[in-house]
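S.K.:
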Amino acid sequence: MLAVQFAEYGGPDVLQLREIDRPKPGPNEVLIDVHAASLNPVDWKIRSGFLRAVVPLALPAIVGRDGAGIVSEIGSGVDPALLNARVCFFAPRAVGTWAEQIVLPSSCLATLPDTVSMQEAAGLPLAGLSAWIALVETAKIAPGMRVLIHAGAGGVGSLAIQIARARGAHVVTTCSARNRDFVTDLGAHEVIAYDEAPFESQLRDMDVVFDLLGGDVHRRSYQVLKRGGTMVCLVAEPFEDRSAEFGVKVVIAPVMPRQESLIALVELVASGALRVPVEKQLPLADFKTAHETSQLGHMRGKLVMQVRGATGR
Numbered sequence: 059m060l061a062v063q064f065a066e067y068g069g070p071d072v073l074q075l076r077e078i079d080r081p082k083p084g085p086n087e088v089l090i091d092v093h094a095a096s097l098n099p100v101d102w103k104i105r106s107g108f109l110r111a112v113v114p115l116a117l118p119a120i121v122g123r124d125g126a127g128i129v130s131e132i133g134s135g136v137d138p139a140l141l142n143a144r145v146c147f148f149a150p151r152a153v154g155t156w157a158e159q160i161v162l163p164s165s166c167l168a169t170l171p172d173t174v175s176m177q178e179a180a181g182l183p184l185a186g187l188s189a190w191i192a193l194v195e196t197a198k199i200a201p202g203m204r205v206l207i208h209a210g211a212g213g214v215g216s217l218a219i220q221i222a223r224a225r226g227a228h229v230v231t232t233c234s235a236r237n238r239d240f241v242t243d244l245g246a247h248e249v250i251a252y253d254e255a256p257f258e259s260q261l262r263d264m265d266v267v268f269d270l271l272g273g274d275v276h277r278r279s280y281q282v283l284k285r286g287g288t289m290v291c292l293v294a295e296p297f298e299d300r301s302a303e304f305g306v307k308v309v310i311a312p313v314m315p316r317q318e319s320l321i322a323l324v325e326l327v328a329s330g331a332l333r334v335p336v337e338k339q340l341p342l343a344d345f346k347t348a349h350e351t352s353q354l355g356h357m358r359g360k361l362v363m364q365v366r367g368a369t370g371r
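Those letters in the sequence shown? Residues 59 to 371, by my numbering.
1) Determine the direct distance from the alpha carbon of Glu-158 to that of Ala-211, and round the result to whole angstroms.
2) On the premise that Val-362 lies in contact with Ala-180, defined as a C-beta separation below 8 Å, what is that separation, rounded to the nearest angstrom?
3) On the DSSP letters alone, give me the boundaries of the alpha helix (DSSP H) that Phe-240 sits inside.
4) Counting Cβ pairs closer than 8 Å, one from the stretch 296 to 305 and one from the stretch 314 to 333, do we hit at least three?
5) Here's a check: name, in chain order, each residue in its chain whose Cβ is nearer than 6 Å to the Cβ of His-276, leaving out the five neighbours to either side.
6) Taking the alpha carbon of Ser-175 as the reference point, which residue from Gly-127, Val-62, Gly-355 and Gly-272 has its own alpha carbon closest?
7) Helix, strand or coil: how does DSSP classify Pro-138 here?
8) Could you pull the start and end residues of the beta strand (DSSP E) that Ala-251 belongs to?
9) Contact between the stretch 192 to 199 and the stretch 245 to 259 is defined here as three or more beta-carbon pairs at a separation below 8 Å; is this criterion met?
10) Ignoring anything shorter than 4 residues, give me the alpha helix (DSSP H) runs that lie fully in the stretch 155 to 202, in order along the chain.
11) Got a sec? Which residues, its chain only, sit under 6 Å from Leu-143 by beta carbon, not counting five neighbours each side?
12) In terms of DSSP beta bridges, what is Val-229 paired with?
13) Going by DSSP, what residue range makes up the alpha helix (DSSP H) through Pro-114?
14) Who are Ala-222's beta bridge partners in DSSP?
15) Measuring only the C-alpha atoms, how far is Leu-115 from Ser-259?
16) For Gln-339 and Arg-285, I'd like the C-alpha separation in whole angstroms.
17) Bridge partners of Val-275, per DSSP?
18) Using a 10 Å radius around the Cβ and a threshold of 16 neighbouring Cβ atoms, would you call Gln-220 buried or exposed?
19) Taking Asp-101 as part of the alpha helix (DSSP H), name the residues at either end of that continuous run.
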């Protein structure tokens, strides 16, 4: 079978499409024929070596953390009903998803109704769980709360806007001026274009800030939180914690496979309350272009790789 791997850290040129052995499911595991896989910024950060201290890997490693496909084989201890099921999944760190077939614990996936496409489902798990765990399980947003979501046009931000709106929050987001209509259509009540005005000059008394950027944006975000508010972060690099100075709480949200939460996200998509905005789809053979595009930044929504059928198989 084919998989996109890297045997050393570096730029997109270290990626290779290689023939590797087909994996075999063990107890409580399933074999999945991957139809589509998502690209997330963490993928190129891992490939470049930027996160090697946080995400240690045995090389060569397969790219990717999430995707969608069909269960083609099950190991012992797995519910037989999963065989031939359509599923989406968030893989553990040691498993890459940019491959024609992968083996995962059955606890890492959620079944899909026929109304949810493989492409939309592939873009949901990592970005959706990042937003859900941060806002629902960590910040515990509730109806009427004022929530600021940074980078609202990106893969995580675009889902976070919709999740916060579905939970009854008043949603404010930052993005570029060109993305104003895009995030408004997703459900943002207020939009602050960072290329027109600094957000800290426009806002006060936010209950929650979802920081997807770190750095200077993190430092400036303290000014807009009310005392007792929460800043929930999704950044790997160190930051200056000024929570005591401003009387707020700063929490780093974990991002991990969490089956119950993934099932809840799929239900939201199936109900129409959440949509995964897929801006671009590429065949697996365009893996270098995909990484270059992601690394440039400023993408709307998600980039999804077509795995099954894209290699002529």
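C-beta: ideal position from N, C-alpha, C; glycine also.
M.R.: Once the coordinates are examined:
1) 30 Å
2) 5 Å
3) 238 to 244
4) Remark: fewer than three beta-carbon pairs, one from each stretch, lie closer than 8 Å, so the stretch 296 to 305 and the stretch 314 to 333 are not flagged as touching.
5) Asp-269 and Phe-297
6) Gly-127
7) helix
8) 248 to 251
9) no
10) Qualifying alpha helix (DSSP H) stretches, in chain order: 176 to 180 and 183 to 190.
11) Checking the displayed sequence, the identity of residue 143 turns out to be Ala instead of Leu. Answer for Ala-143: Val-129 and Thr-169, listed in chain order.
12) Val-205
13) Unbroken run through Pro-114: none, as it is neither H nor E.
14) Note: Ala-222 sits in no beta bridge, so no partner.
15) 43 Å
16) 43 Å
17) Answer is none; Val-275 lacks a bridge partner.
18) buried
19) 99 to 106
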